[in-house]
């Protein structure tokens, strides 16, 4: 009996330790290495060359979000040739919700609030007040992009190459009507395609059928991209995490060490009656021997 109880305690302690160790393992650091873009009206030509912009502006918002309207008007004023824009809808309450955008919001950038603006995968502006500093943030950004050696479309066939060994993400963006207002979102992300470095020639005619907009290519190191807040002003955003997270999401995000401690406590409580019974039987045996 003592041996069994000892084994239970040892296994419980092992569970706790392994959970603690896994919790301390750092996530790999991600990075946007290179970006390029190409317009849909160019893709069907015999030969179509993309361009490399100065910055990538990723905006995370929602059609139901009131402060998002002001931020969207600010984004529409920037030069969208030298600054590529991807508008993300990570909220499941939007009709134009995209699961890839939510994955980027939750896991690649670890964002909480909307509206949020991420510049080059490095800088963060949150809320309509901080968004007023977008032009200053763009002017301060000095990231140099490289990594895609060659990228060209020829009659809907993409040819590209890289020596980095990284995957290429293709963001399909297009002009989409706002769900609640009489206006449009010019560069909303609607689909994503990922190519590994060995897929250097791909025919995308089916994927691009009946589509008009802009393709944005990002060469990325996978992992969590650490962001630095550009502004010292209050965020003033809406917590998308509180609105969108279900009970299942909360369970999945629970700290493993806390879960292990709870399991350990339950196991410990469950063996207390057995210990009491064992002690009673042991005492009774001694009395009978006497």
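Residue numbers (this note's numbering): 8 to 297.
We put the beta carbon where it would ideally sit given N, CA and C, even for glycine.
Being a predicted model, the structure only gives us computed values, none of them experimental.
Where residue 168 and residue 142 are concerned, what is the direct C-alpha to C-alpha distance, given to the nearest angstrom? If I take the Cα positions, the gap works out to 33 Å.
Are three or more beta carbon pairs between the segment 183-201 and the segment 122-138 nearer than 8 Å? Here the segment 183-201 does not lie against the segment 122-138, with fewer than 3 beta-carbon pairs under 8 Å apart.
Whole-Å CB distance - residue 219 paired with residue 47, under 8 Å assumed: 5 Å between Cβ atoms; contact.
Just verifying my parser: in three-state terms, what is the DSSP assignment at residue 233? Coil.
Can you check the segment 46-116 for any beta strand (DSSP E) of at least 3 residues that lies completely inside it and give the ranges in chain order? Here the runs fully enclosed are 62-67, 90-95.
Quick one: give me the first and last residue of the beta strand (DSSP E) that residue 196 is part of. 191-202 is the span of the beta strand (DSSP E), which, as asked, contains residue 196.
Per DSSP, which residues does residue 39 bridge with? Please list them. Answer is 227.
So does the segment 151-163 actually touch the segment 66-77, counting three or more Cβ pairs closer than 8 Å? Cβ pair count under 8 Å is below three, so no.
Could you check how far apart the C-beta atoms of residue 85 and residue 145 are, in whole angstroms? I think they sit under 8 Å. At roughly 7 Å, the Cβ-Cβ gap stays under 8 Å, so residue 85 and residue 145 are in contact.
Distance between residue 216 and residue 230 (C-alpha atoms, nearest Å): Each residue's alpha carbon lies about 32 Å from the other.
Out of 223, 204, 209, state which residue places its alpha-carbon closest to the alpha-carbon of residue 178. Checked all of 223, 204, 209; the closest Cα to residue 178 is 223.
Got a sec: is the Cβ-Cβ distance from residue 49 to anything in chain B below 9 Å? Any reference to chain B falls outside this structure, which holds one protein chain only.
Please list the terminal residues of the continuous alpha helix (DSSP H) segment that includes residue 142. Per DSSP, the continuous alpha helix (DSSP H) segment holding residue 142 begins and ends at 141-147.
Given residue 201, which residues of its chain have a CB within under 8 Å of its CB, disregarding the five upstream and five downstream residues? Shown here for residue 201: same chain residues with a beta carbon closer than 8 Å to its own, the five before and five after excluded, namely 174, 175, 176, 177 in chain order.
If I measure Cβ to Cβ from residue 36 and keep anything under 6 Å in the same chain, skipping five residues before and after, which residues do I get? The answer, listed in chain order, is 230.
If you draw a straight line from the alpha carbon of residue 150 to that of residue 210, how long is it in whole angstroms? Residue 150 and residue 210 have their C-alpha atoms some 31 Å from each other.
DSSP has residue 133 in a bridge; who is on the other side? Assignment of beta-bridge partners to residue 133 by DSSP yields 123.
Cα-Cα separation, residue 199 to residue 39: In this structure, the CA atom of residue 199 is about 16 Å from the CA atom of residue 39.
Range covered by the beta strand (DSSP E) that runs through residue 167: Segment 164-169, the beta strand (DSSP E) holding residue 167.
How about residue 105 and residue 237: do their beta carbons lie closer than 9 Å? No.
Per-residue DSSP class, three states only, for residue 247: Helix.
Beta-carbon proximity check, residue 225 vs residue 103, cutoff 9 Å: Not in contact: residue 225 and residue 103 (Cβ atoms no closer than 9 Å).
Considering only the alpha carbon of each residue, which of 148, 111, 221, 227 lies closest to residue 180? Residue 221 is the option with its Cα nearest to residue 180.
In angstroms, rounded to a whole number, what distance separates the CA positions of residue 240 and residue 117? Whole-angstrom Cα-Cα distance: 20 Å.
Using a 10 Å radius around the Cβ and a threshold of 16 neighbouring Cβ atoms, would you call residue 208 buried or exposed? Exposed, by the Cβ-count rule.
Just mark residue 94 as buried or exposed, buried being the case when its beta carbon has 16 or more other beta carbons within 10 Å. A residue is called buried when at least 16 other Cβ atoms come within 10 angstroms of its Cβ; residue 94 meets this threshold and is buried.
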